[in-house]
Structure formats: C-alpha cells, structure tokens
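Asker:
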Amino acid sequence: MVTMNPEQVAMHYIDEVYKNLEATHAHEPEFLQAVKEIIYSLAPVFAKRPEYMEASLLERIIEPERVVKFRVAWEDDNGKVQVNRGFRVQYSSAIGPYKGGLRFHPSVNESIIKFLGFEQIFKNSLTGQPIGGAKGGSDFDPKGKSDSEIMRFCQAFMTELHKYIGPHEDVPAGDIGVGAREIGFLFGQYNRIKASYLPGVITGKLPRFGGSLARKEATGYGTVYFVQEMLKEINATFENQTVVVSGSGNVSTYAIEKAQQLGALVVACSDSDGYIHDPSGIKLDTVKDIKEVRGGRIKEYIDAHPEATYVEGCENIWSIPCDIALPCATQNEIDADAAKTLIANGVKAVGEGANMPSTLEAIDLYFENNVLFAPAKAANAGGVAVSALEMAQNSMRMFWTFEEVDAKLHEIMRNIYKNSREAAKEFGHENNLLIGANIAGFLKVADAMIAQGII
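Note that the numbering used here numbers the sequence shown so that position 167 is 1242, with each residue one more than the last.
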C-alpha cells in the first residue's frame, strides 16, 4: 500500500472533485474553466488544513446554494411580445448577503453566470466587506433597443427577480449591458412592486437617488490601484509606461483615466467592432463623448483624430507593443497566441479589469516569462467594493464625498494586494498573486462555512 504525503492527498482530493464536476457539467465550459483555475491553486491549503477535506468544503463551495431561471416576456415597440431567459445564481451567503452584478448580453447562459458567480465569492471575500457571492442576467441584448423597450424589459425582468432579492438577502448591481439607465428602471420596478423605497436592494444607482459617488469609476480605478502596488515589485510606477487597454466601457474608460493621471501613455482601446491606436495617447474626452454621451462606436474616434488608426476586429489589439496590458473587455480575450505576442513585445505587467480575460494557457505563459500578473478576482474587485460602500451609505442614510469613497477604494485595493501576496508566501507560492488571491479569498469563506456547520 502506497502512503501519500499531504500534498498528494490534497491533489487526489481535488482531482476527484473536479473529475465528478466535469462529468456532470461538460456542457458548461466557462464554469469548468473558472472552477479549475481556482481549485487547483488551493492544493497547499488542503494539504495544510486537512479538516477542510473532511468537511467536504470543495464539494460544497462549487455547488451554488440556489440557481434561479425564469422566463422574461416583454413587449417591443411594435407591440410584439418577445421572450428572453433570466438567471440568478446565488452562490454563497457564508459571509454576507448575496452580491453580484446583472449582465444583459446575447452570450449569457447558465455556464457564464455560474462562472461569474463562482469567481464573485472570492472577489467579494477579498474586499474585506461582508458580502457573499452571486451573479445574474439575461440573454437580452440592449443594443439597438429603444429606451422604452429597455424599460419594459427591465420591468419584466424585475417582476420575476424581485421574489428572490432584498437588502438583506441578495443585492444585485450592474455588469455588461446594465448601466445607470437599466439600474434605474430595475430599481423603480422593485420599489413599485414593494410599495416602498428600499435603496439597499440594488447598487450602481445614480447618486441623486441613493447611489455612491465614484461607483462608475471604481472598477477601472481599482484595477490601476492594484497594478500600481504590484509594479512596486520591480521598482516601477505608471509614469512614462506605454499602456494598452481593451474595451471602452466603464471599466476601460476609468482605467485609462487613472493610468493617465498617474503619468502613463495609453495608446489603444477597443469595442466589439475593432480598436483604435493613437501613438500620441488616447484622448479620453473623445472616447467619453462617443461612448457615454452619444452611445456610438469606437471607430468614430478617427473622425476627430485622423492621425489615429482604426482596425476592424479587436483581437489584434494585443499586437501593439506596451509595457502594461489592461484587458478590460470580456472573458478569454487574451489567448496563448496573444500572450506570446505581448511577451515578445516586452510587456512587464498584465492587470485584469474584465472577468477571466486571460485563458489558462496565457496565464501560464505570464508566469513562465516573469510577467507580473494581477488576476481579475483581485484586480477588478474595486467595483463590488464600492458597491458594498454604497450599501453601507444606504444603511446609514449617509452620503460620502467622491474623495472619501476614492480613498476607501484605494485602501481596499492596497489591502487586497497585501493579503494576496501574504497568502501566496504563507502557502509556498511567493509572488504568485493568482494563487495568493484564490487562497486569501477562500480562507475567509471556508472558515465561515466551518463555523456555521453543514446546513
């Protein structure tokens, strides 16, 4: 009989859990990718703390506490009834009420919502705020819809969702396709149904009706704050660094803004149609006018700045040489080939503003080539951190200034970096912030689950 050491026991346990999950969820590739990335990095924890295996913590934490699926029927401007699917995955409430965004996009399915919800558990834990993990959304596409159609869809969506959420139960927020407009419609419908005013039920609201200042900027700013801490490892700052940012939504826009404030030269950004390259530096006022004011496409940038270049298709944005890459668009946008190109062009650091924007193969290449890597669940936690601060303000009937919220955000991101780095060191993976973030996020939830028993 062969006796296994603690590390081998832990890996055998993880292998068995993942094998069983893979057998039952083969149709959910995004979910499997997210689970695999996290659970194998937890092997040092299970080797050091076998009581977690005895309590079947891994089996429990990968299974959502609740999955809600519902039909959303709404009427378009032609009077025709349209039908979409709605989802809410309430993953973990061990450390607080469920918390996570709503995504409205044609790609939304149960696998994507589960991957996002699973990641959200650890991201929320890292913030240090008392919030659990959840995610939701619909395969509804806001693009090309009138304001009236979006309002009717949001009202129909909330008419179903309201049964499962509340200020102390589950607090949604925005995500792709769900901005201030959609949040306003969702919030109004919830209050209408409840015949009450409950600002704590949803975050991302406009400040004039219960939202927090700096929420719009939080994810992008937070990503840059985290990378700023990480750059200290190589005695560097954003000053005079060339930066490429994918996307041009809230996360991208405010990552660009903060990077520029810190002295970086941001030379590219994109949308789903293509990307712009402006070697003299992206003119952020133009991007904001196109995206936030007119709701246009990024190719319109060259109308105002003909010296810039527009390229159809966004995948080649990573061919632009840069010191720092900030993928802020969507999942799996940097694959192995894109990572090789970035590395060949001398990239020093990658900071993930989007959720899971790097494939597992790309991440392996970062580590093999000594590229500093800020994983999404740590680097982009600023959005949910300020959502938690919005919840706090709503509970206290207080309203903090932009500077107060920004200072709290900066401190939270510093602490996430510090805790991730310390966890990596404690469990034998010094300087690996991916493993460190996973472990730091997991430990808080795991200890809460142990303390609360198995029910």
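All C-beta atoms, glycine included, are put in the ideal place defined by N, C-alpha and C.
(1) Confirm, please, whether the CB-CB distance from valine 1319 to isoleucine 1365 is below 9 Å.
(2) When the Cα atoms are used, what is the spatial distance from tyrosine 1166 to phenylalanine 1106?
(3) Check each candidate in Gly1176, Tyr1329 and Lys1155 and name the one with the smallest Cα separation from tyrosine 1300.
(4) Would you call the CB atoms of isoleucine 1188 and valine 1158 closer than 9 Å?
(5) Give the straight-line distance between the Cα atoms of alanine 1400 and isoleucine 1268, rounded to the nearest whole angstrom.
(6) Quick one: measure Cβ to Cβ for arginine 1206 and alanine 1463, integer angstroms, because I've assumed they're closer than 8 Å.
(7) Given a threshold of 16 other Cβ atoms within 10 Å of its Cβ, counted over all protein chains shown, does lysine 1500 qualify as buried or as exposed?
(8) Could you tell me the distance, in whole angstroms, from the CA atom of arginine 1135 to the CA atom of asparagine 1407?
(9) Using C-beta distances below 6 Å, list every residue in its chain close to serine 1186, excluding the 5 sequence neighbours before and after it, in chain order.
(10) Going by beta-carbon coordinates alone, are leucine 1447 and alanine 1414 separated by less than 9 Å?
(11) If you measure between the beta carbons of glycine 1549 and glycine 1275, is that distance less than 9 Å?
(12) Leaving out the 5 sequence neighbours to the left and right, which residues in its chain are closer than 8 Å to serine 1182 when beta-carbon positions are compared?
(13) Determine, using beta-carbon pairs with one atom in the stretch 1336 to 1347 and one in the stretch 1287 to 1294, whether at least three such pairs fall under 8 Å.
(14) Exposed or buried, which one is asparagine 1080 when buried takes at least 16 other CB atoms within 10 Å?
(15) Quick check on the burial criterion: 16 or more other C-beta atoms within 10 angstroms. Buried or exposed for tyrosine 1272?
(16) For proline 1125, is the classification buried or exposed, using 16 other Cβ atoms within 10 angstroms of its Cβ as the cut-off for buried?
(17) Let me confirm a value: histidine 1352 is counted as buried when at least 16 other C-beta atoms fall within 10 Å, else exposed. Which label applies?
(18) If I'm right that alanine 1122 touches alanine 1085 with Cβ under 8 Å, what's the distance once you round it to whole angstroms?
(19) Assuming threonine 1202 contacts alanine 1456 under a Cβ cut-off of 8 Å, what Cβ separation, rounded to an integer in Å, is found between them?
(20) Could you spell out where the beta strand (DSSP E) holding proline 1247 opens and where it closes?
(21) Since arginine 1163 sits in a beta bridge, which residues does DSSP pair it with?
(22) Identify which residue in Leu1132, Arg1178, Phe1262 and Ser1323 has its Cα closest to the Cα of proline 1217.
(23) Look at isoleucine 1491 and alanine 1521 and say whether their C-beta atoms are less than 9 Å apart.
(24) Indicate the three-state DSSP secondary structure (helix, strand or coil) for threonine 1234 in the structure shown.
(25) Under the assumption that proline 1396 contacts asparagine 1420 (Cβ atoms under 8 Å), give the Cβ distance between them as a whole number of angstroms.
(26) Alpha carbon to alpha carbon, how far is arginine 1256 from histidine 1380? Give it in angstroms, no decimals.
(27) Just to confirm the assignment, what range does the alpha helix (DSSP H) spanning histidine 1087 have?
(28) Starting from leucine 1435, follow the alpha helix (DSSP H) in both directions and report where the run begins and ends.
(29) I believe glutamate 1332 touches leucine 1359 by the beta-carbon criterion, under 8 Å. Please report the beta-carbon distance rounded to the nearest angstrom.
(30) How far does the alpha helix (DSSP H) with serine 1345 in it reach, from first residue to last?
(31) Using only CA atoms, which one of Glu1390, Pro1402 and Gly1511 lies nearest to asparagine 1325?
(32) Classify methionine 1473: buried if its beta carbon has 16 or more other beta carbons within 10 angstroms, exposed otherwise.
(33) Quick one: residues in its chain with C-beta nearer than 6 Å to the C-beta of histidine 1485, no 5 flanking neighbours on either side, listed in chain order?
(34) Can you give the Cα-Cα distance for glycine 1503 and alanine 1118, rounded to whole angstroms?
(35) Report the rounded CA-to-CA distance for phenylalanine 1228 versus asparagine 1184, giving the unit in angstroms.
(36) Tell me the rounded alpha-carbon separation between glutamate 1150 and lysine 1174.
Answerer: According to the structure data:
(1) No, the Cβ-Cβ distance between isoleucine 1365 and valine 1319 is not below 9 Å.
(2) 13 Å
(3) Tyr1329
(4) No, these two residues do not count as a Cβ contact at 9 Å.
(5) Going by the C-alpha atoms only, they are around 44 Å apart.
(6) The displayed chain sequence assigns isoleucine, not arginine, to residue 1206. About 5 Å; that satisfies the 8 Å criterion.
(7) exposed
(8) 27 Å
(9) Glu1103, Glu1105 and Phe1106
(10) Cβ atoms of leucine 1447 and alanine 1414: not closer than 9 Å.
(11) Here the chain has residues from 1076 to 1530 only, and residue 1549 is not among them.
(12) Scanning its chain for C-beta atoms nearer than 8 Å, with the 5 sequence neighbours on each side dropped, one finds around serine 1182 the residues Asp1214, in chain order.
(13) no
(14) exposed
(15) exposed
(16) So proline 1125 ends up on the exposed side.
(17) buried
(18) 4 Å
(19) 5 Å
(20) 1245 to 1249
(21) Val1143 and Gly1211
(22) Arg1178
(23) Not in contact: isoleucine 1491 and alanine 1521 (Cβ atoms no closer than 9 Å).
(24) Helix at threonine 1234.
(25) 4 Å
(26) 29 Å
(27) 1081 to 1099
(28) 1435 to 1443
(29) 6 Å
(30) That residue, serine 1345, is in no alpha helix (DSSP H); its beta strand (DSSP E) goes 1340 to 1345.
(31) Pro1402
(32) exposed
(33) Tyr1300
(34) 11 Å
(35) 17 Å
(36) 29 Å
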